[in-house]
DNA sequence: AAGTGGTCTAGACCACACG
DNA sequence: GTGTGGTCTAGACCACTTC
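Chains as they are written, first to last, in the numbering used here: chain S, 1 to 260; chain P, 261 to 520.
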């Protein structure tokens with residue numbers, strides 16, 4: 001079971017460049033090379049054969065080989081350099097995909113009953129009455145929404161949202177009888193960039209009352225700011241009771257999804 | 261400033277298929293199509309021209325057009341279907357890249373002084389003395405490590421780690437004078453899949469004492485399990501004081517990074 | 001100077017899904 | 001059937017970087 005096969009590992013033999021015949025050729029090549037790296041035939045810092053060599057070894061065109069290796073480079077498994085060649089990375093990926101879907105889908109996915117309630121809905125002026133969104137000039141018209149999301153009647157998320165009314169005037173007439181503001185915005189307004197922040201906070205009195213947890217209880221906060229072509233669209237703070245919500249993500253190198 | 265240009269948006273004219281001449285052709289095509297979608301010339305559910313048509317409109321080869329659209333499909337901006345064609349997605353990406361680098365780099369990046377202390381180091385048997393890792397058979401030999409990470413002498417992370425000794429026997433001799441266990445493992449042992457969980461917890465007495473926070477303080481917990489070719493390597497719980505640590509991530513559609 | 005990756009084209013065959 | 005994307009090849013030119 002020992003993985004410490006590095007000390008005794010062999011350099012890649014011609015057999016290691018064998019393909020398994022499953023699926024597209026470029027994926028087979030991807031798997032073959034990933035496999036050699038994972039099995040220690042290529043170690044961190046080692047140089048892979050050039051594309052021209054791989055073309056011969058795999059019996060594929062250069063385009064196909066290039067597509068495979070480009071994909072490995074995107075996964076940060078290798079680094080590519082002109083003239084110097086392709087080198088196995090010393091360190092693996094440090095950025096991971098985390099799914100942050102609409103809370104309604106998380107709840108429904110679990111088979112629970114989903115419901116939401118609009119607690120507040122106010123037109124506010126940026127910078128006044130304690131509402132400030134620094135990405136937007138003071139004095140701008142904003143819509144403030146407070147929405148409680150419930151799973152089987154238990155609160156799982158308090159959503160506190162500011163919407164830039166100059167960018168999304170139509171939202172003023174929307175009543176949100178059928179969809180949540182989050183889904184409405186996602187469907188109506190495209191975005192070009194998104195910023196996320198994750199942190200933990202203790203519930204204050206107001207939050208504790210709304211979420212039905214003890215004062216001081218740990219909560220997971222996801223804050224999201226959405227922009228469209230440099231125009232701020234919406235900023236939302238999603239606060240979850242720490243004991244009823246977590247984010248879960250599984251990542252596998254492509255071709256090795258079933259290696260668990 | 262209003263973005264509600266959808267109601268008045270025009271169907272794409274031939275001018276919209278103009279390229280800006282910057283960088284590789286496939287990126288120009290990518291930007292051109294992304295731009296048409298973001299500006300509302302193509303709305304959710306609309307069908308893009310076929311690859312053959314785009315080949316003509318952009319004056320590029322099919323390979324090049326295909327590469328551009330394949331990239332858009334990976335970003336979930338469009339969905340591709342044989343026979344039915346390429347359709348603009350009704351909903352945008354719901355999975356985001358979050359950076360989770362080694363804590364030492366986060367601290368050093370901020371310009372703070374970084375230090376770590378190994379608080380505990382025990383050989384344990386899985387299932388005994390309160391240590392259980394369900395991915396591994398009971399009775400397996402594990403190494404338990406407790407490491408405190410500090411920024412400017414203030415604790416920012418408590419790391420509690422289990423290592424599968426059968427998979428990583430060499431770690432038994434490692435003293436971690438120079439590197440943290442996390443970095444050591446990353447450098448020595450490759451992984452093929454990783455699972456992450458994020459949640460908030462309240463500090464209990466022990467945790468509060470170690471982190472130097474009040475009992476009950478909110479903490480952000482990142483749990484990571486790493487596997488290599490189906491073999492569990494390590495499981496680590498990284499607990500951060502909620503007020504001294506957060507995860508931050510900015511994502512932009514490629515080609516629109518400067519649109520903020 | 002020469003090797004390596006970056007990109008592009010023209011042409012081809014195939015698989016799938018819809019009518 | 002037939003249109004659409006999925007994939008592949010052979011060949012080419014170029015840019016960058018190291019030798």
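Backbone N, C-alpha and C fix where the C-beta goes; we use that ideal spot for every residue, glycine too.
Check your understanding: Can you find a C-beta in chain S that's less than 8 Å from the C-beta of residue 351 of chain P?
Key -> True, the Cβ-Cβ gap to chain S drops below 8 Å.
Check your understanding: Which of helix, strand or coil does DSSP assign to residue 252 of chain S?
Key -> DSSP places residue 252 of chain S in strand when its eight states are reduced to three.
Review point. Along chain P, in chain order, which residues have C-beta atoms closer than 7 Å to that of residue 200 of chain S?
Key: 460, 478, 479, 480, 502, listed in chain order.
Check your understanding: Is the CB of residue 508 of chain P under 8 Å away from at least one CB in chain S?
Key -> Closer than 8 Å to the CB of residue 508 of chain P there is at least one CB belonging to chain S.
Practice item. Please report how far the alpha carbon of residue 343 of chain P lies from the alpha carbon of residue 79 of chain S, in whole angstroms. Key: Roughly 37 Å separates the two Cα atoms.
Practice item. Counting only the same chain and skipping the five closest in sequence on each side, list residues whose C-beta sits under 8 Å from that of residue 279 of chain P. Key: So the qualifying residues of the chain are 285, 288, 289, 292, 318.
Practice item. Could you tell me which residues DSSP puts in a beta bridge with residue 356 of chain P? Key: Answer is S:98.
Point to revise | Own chain partners of residue 266 of chain P with C-beta closer than 8 Å, once the 5 adjacent residues on each side are dropped | key: Confidence is the limiting factor: at residue 266 of chain P the pLDDT is only 43, short of 50, which leaves the residue's position unreliable, though a coordinate-based value still follows. Only 300, 303 meet the Cβ criterion.
Check your understanding: Is residue 407 of chain P helix, strand or coil when you go by DSSP?
Key -> Collapsing the DSSP output to three states places residue 407 of chain P in a strand.
**Study point:** Where residue 487 of chain P sits in the DSSP three-state scheme
**Key:** Of the three classes helix, strand and coil, the one that applies to residue 487 of chain P here is strand, per DSSP.
Check your understanding: Name the chain P residues whose beta carbon is nearer than 8 Å to that of residue 191 of chain S?
Key -> Under the 8 Å cutoff, chain P gives 352.
Exercise for review: Taking only beta-carbon positions, decide if residue 97 of chain S is within less than 8 Å of chain P.
Suggested key: So, interface residue.
**Study point:** chain P within 8 Å of residue 253 of chain S, Cβ atoms only
**Key:** For residue 253 of chain S, the answer is yes, since a Cβ of chain P falls inside 8 Å of its Cβ.
Check your understanding: Is residue 101 of chain S close to chain P, meaning its C-beta is less than 8 Å from at least one C-beta of that chain?
Key -> Closer than 8 Å to some Cβ of chain P, the Cβ of residue 101 of chain S qualifies, so yes.
Practice item. Along the alpha helix (DSSP H) that carries residue 548 of chain P, what are the first and last residues, could you check? Key: This structure cannot settle anything about residue 548 of chain P, because the visible part of chain P is limited to 261 through 520.
Point to revise | residue 166 of chain S beta carbon less than 8 Å from that of residue 140 of chain S | key: The Cβ atoms of residue 140 of chain S and residue 166 of chain S sit closer than 8 Å to each other.
**Study point:** Contact list for residue 195 of chain S against chain P, beta-carbon separation under 8 Å
**Key:** What residue 195 of chain S touches in chain P: 508, 509, 510, 511.
Check your understanding: Taking C-beta to C-beta, are residue 415 of chain P and residue 361 of chain P nearer than 8 Å?
Key -> Taking 8 Å as the Cβ cut-off, residue 415 of chain P and residue 361 of chain P do not qualify as a contacting pair.
**Study point:** Cutoff 8 Å: residue 149 of chain S Cβ touching any chain P Cβ
**Key:** No, because no Cβ of chain P sits closer than 8 Å to the Cβ of residue 149 of chain S.
Exercise for review: Taking 8 Å as the threshold, find out whether the region 142-158 of chain S comes into contact with the region 209-219 of chain S through three or more Cβ pairs.
Suggested key: At 8 Å Cβ cutoff, the stretches touch.
Review point. Under a three-way DSSP split, which group does residue 400 of chain P fall into?
Key: Here residue 400 of chain P carries a coil assignment [DSSP, helix/strand/coil].
Review point. Would the region 60-72 of chain S and the region 501-514 of chain P be scored as touching if the rule is three or more Cβ pairs under 8 Å?
Key: No: the two stretches stay apart, fewer than three of their Cβ pairs being nearer than 8 Å.
**Study point:** Where residue 187 of chain S meets chain P, residues with beta-carbon distance less than 8 Å
**Key:** From the beta-carbon of residue 187 of chain S, the residues of chain P found nearer than 8 Å are 304, 350, 351.
Exercise for review: Please compile the residues from chain P whose C-beta is within a distance smaller than 9 Å of the C-beta of residue 69 of chain S.
Suggested key: Those do not exist, as residue 69 of chain S stays about 15 Å from chain P at its closest Cβ, beyond 9 Å.
Check your understanding: Could you check where the beta strand (DSSP E) with residue 379 of chain P kicks off and where it finishes?
Key -> In this chain, the beta strand (DSSP E) harbouring residue 379 of chain P covers 374-385.
Check your understanding: Shortest alpha-carbon distance to residue 34 of chain S belongs to which of S:206, S:70, S:53?
Key -> Of all alpha-carbon atoms in S:206, S:70, S:53, the one lying nearest the alpha-carbon of residue 34 of chain S is that of S:70.
**Study point:** Buried versus exposed, by CB contacts within 10 Å (16 or more), residue 446 of chain P
**Key:** Counting C-beta atoms within 10 angstroms of its own C-beta, residue 446 of chain P has 16 or more neighbours from the protein chains shown and is therefore classed as buried.
Point to revise | Neighbourhood of residue 503 of chain P by C-beta distance below 7 Å, restricted to the same chain and skipping five residues each side | key: Hits under 7 Å: none found.
Exercise for review: Please report how far the alpha carbon of residue 122 of chain S lies from the alpha carbon of residue 146 of chain S, in whole angstroms.
Suggested key: Whole-angstrom Cα-Cα distance: 9 Å.
Point to revise | 8 Å Cβ cut-off: residues of chain P touching residue 256 of chain S | key: Per Cβ cutoff of 8 Å: 452, 453, 489.
Point to revise | Proximity winner among S:232, S:249, S:223, S:245, relative to residue 509 of chain P (alpha-carbon distances) | key: For residue 509 of chain P, the closest alpha carbon among the candidates S:232, S:249, S:223, S:245 is that of S:223.
Check your understanding: Taking 8 Å as the CB-CB cut-off, is residue 396 of chain P touching chain S?
Key -> The C-beta of residue 396 of chain P comes no closer than 8 Å to any C-beta of chain S.
Practice item. Identify whether residue 285 of chain P lies in helix, strand or coil by the three-state DSSP scheme. Key: The three-state secondary structure of residue 285 of chain P, taken from DSSP, is helix.
Check your understanding: Does DSSP classify residue 314 of chain P as helix, strand or coil?
Key -> Helix.
Review point. Grouping DSSP H, G and I as helix and E and B as strand, with all else coil, what is residue 498 of chain P?
Key: Strand at residue 498 of chain P.
Review point. What residues of chain S sit near residue 471 of chain P, judged by a beta carbon separation below 9 Å?
Key: Ordered by position in chain S, no residue passes the 9 Å Cβ test against residue 471 of chain P, which lies about 12 Å from the chain.
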